[in-house]
Amino acid sequence: DVKVTQSSRYLVKRTGEKVFLECVQDMDHENMFWYRQDPGLGLRLIYFSYDVKMKEKGDIPEGYSVSREKKERFSLILESASTNQTSMYLCASSLVGGRAKTDTQYFGPGTRLTVL
Amino acid sequence: GEDVEQSLFLSVREGDSSVINCTYTDSSSTYLYWYKQEPGAGLQLLTYIFSNMDMKQDQRLTVLLNKKDKHLSLRIADTQTGDSAIYFCAAGAPGGATNKLIFGTGTLLAVQP
Numbered sequence: 185d186v187k188v189t190q191s192s193r194y195l196v197k198r199t200g201e202k203v204f205l206e207c208v209q210d211m212d213h214e215n216m217f218w219y220r221q222d223p224g225l226g227l228r229l230i231y232f233s234y235d236v237k238m239k240e241k242g243d244i245p246e247g248y249s250v251s252r253e254k255k256e257r258f259s260l261i262l263e264s265a266s267t268n269q270t271s272m273y274l275c276a277s278s279l280v281g282g283r284a285k286t287d288t289q290y291f292g293p294g295t296r297l298t299v300l
Numbered sequence: 035g036e037d038v039e040q041s042l043f044l045s046v047r048e049g050d051s052s053v054i055n056c057t058y059t060d061s062s063s064t065y066l067y068w069y070k071q072e073p074g075a076g077l078q079l080l081t082y083i084f085s086n087m088d089m090k091q092d093q094r095l096t097v098l099l100n101k102k103d104k105h106l107s108l109r110i111a112d113t114q115t116g117d118s119a120i121y122f123c124a125a126g127a128p129g130g131a132t133n134k135l136i137f138g139t140g141t142l143l144a145v146q147p
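Residue numbers (this note's numbering), protein chains in the order written: chain A, 185 to 300; chain B, 35 to 147.
Rendered as structure tokens:
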């Protein structure tokens with residue numbers, strides 16, 4: 185079974201702090217994704233990565249950056265946390281096209297971040 | 035680009051059938067997906083359907099695809115309280131190496147005992 189883990193289930197930070205959210209997958213997936221989930225807005229893509237050291241902006245990258253130094257690990261960084269970044273953050277991974285029949289993404293359990 | 039829409043809320047009684055609907059805009063999506071999210075958890079893949087199929091059945095779940103109207107539905111037979119969750123429809127975004135998915139806003143299914 186694919187396993188995607190996230191470093192924390194719950195996190196409370198103060199405004200202005202630098203925040204690191206870590207995601208690890210154990211299935212040798214090329215693609216990794218960071219989403220935020222807010223009520224009534226569904227999932228919005230922040231950043232994705234299709235290979236080590238490769239990244240592309242999603243729909244809402246402002247205020248965030250990412251790092252992918254190893255294939256299995258994808259980090260989301262909030263350079264200076266703000267209250268409007270309070271949200272549920274979900275990480276996902278998938279195989280690249282050609283290695284997979286479908287685009288199925290496998291999700292971690294999520295990190296609920298509160299910024300005070 | 036692709037846009038996926040769902041109604042926000044559905045309430046059913048235990049034992050009834052639930053039907054969750056979804057519309058999408060890009061007819062070139064190859065696969066369409068249904069994910070389930072239980073409270074406080076990540077998304078779990080329920081099922082998917084290939085775009086050249088009309089229907090797919092998996093135990094209590096039936097997926098119907100009307101490609102002409104770009105309409106996808108998920109029917110849950112004999113709905114149980116354990117089916118209470120948020121259900122997300124997703125369409126594969128065509129093109130590129132990243133195989134992105136475009137998610138709907140999610141439908142909260144509330145099952146009344």
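Note that CB positions come from ideal geometry on N, CA and C, so glycine has one too.
- Neighbours of Y121 (chain B) in chain A, taken as residues whose beta carbon is under 8 Å from its own, are absent, since the nearest beta carbon is some 11 Å off.
- The three-state secondary structure of N55 (chain B), taken from DSSP, is strand.
- Looking only at A:Y194, A:E263, A:Q209, A:K202, the smallest Cα-Cα distance to L279 (chain A) is reached by A:Q209.
- DSSP places Q78 (chain B) within a strand segment (E or B) once states are collapsed to three.
- L260 (chain A) and T57 (chain B) have their C-alpha atoms some 31 Å from each other.
- In the displayed model, T115 (chain B) falls within a helix according to three-state DSSP.
- The beta-bridge partner set that DSSP reports for A144 (chain B) consists of B:S45.
- Proximity to T189 (chain A) across A:E253, A:W218, A:K239 peaks at A:W218, based on C-alpha coordinates.
- Within the DSSP bridge table, the entry for H213 (chain A) names no partner.
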